[in-house]
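Just below is one structure, and these are the notes that go with it.
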Amino acid sequence: GKAEGKAEGKAEGKAEGKVEGERVGAINAYHSAVVELLYARGLTPTPSQLARLNADADPESLRDTIRRAALASTLDDVFGPAEG
Numbered sequence: 189g190k191a192e193g194k195a196e197g198k199a200e201g202k203a204e205g206k207v208e209g210e211r212v213g214a215i216n217a218y219h220s221a222v223v224e225l226l227y228a229r230g231l232t233p234t235p236s237q238l239a240r241l242n243a244d245a246d247p248e249s250l251r252d253t254i255r256r257a258a259l260a261s262t263l264d265d266v267f268g269p270a271e272g
């Protein structure tokens with residue numbers, strides 16, 4: 189009845205919250221990995237580049253960015269040519 193529905197809804201909400209929390213945690217870890225790789229390679233991203241990175245919430249795109257950061261010689265290798 190009503191109690192079962194409430195319990196089921198609560199369980200579903202909790203599971204969805206856990207999945208979303210894990211997703212956000214992974215995205216934050218990807219952001220950190222890119223920055224750490226860049227610093228390790230002697231590259232310091234600009235505030236604009238950091239803002240672009242932090243705006244990216246797509247795990248697949250971020251994994252690609254990690255790969256580019258691991259192989260980068262320049263910031264352009266990671267973020268593309270500077271705008272302006």
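All letters in the sequence shown, in the order written, are residues 189 to 272 by this note's numbering.
From the three backbone atoms N, C-alpha and C, an ideal C-beta is built for every residue, glycine too.
Query	Result
Consult DSSP for residue 253 and reduce its assignment to one of helix, strand or coil.	helix
Could you check which residue in 190, 270 and 244 has the C-alpha nearest to that of residue 212?	244
Buried or exposed for residue 222, going by 16 or more other Cβ atoms inside 10 Å?	buried
Buried or exposed for residue 207, please, with buried defined as at least 16 other CB atoms from any protein chain shown within 10 angstroms of its CB.	exposed
Taking residue 265 as part of the alpha helix (DSSP H), name the residues at either end of that continuous run.	263-267
Just confirm the distance between the C-beta atoms of residue 255 and residue 218, as a whole number of angstroms; I'd bet it's less than 8 Å.	Not quite, the Cβ-Cβ distance comes to about 11 Å (not below 8 Å), so this is no contact.
What residues in its chain sit with their C-beta under 6 Å from that of residue 209, if we drop five residues either side in the sequence?	none
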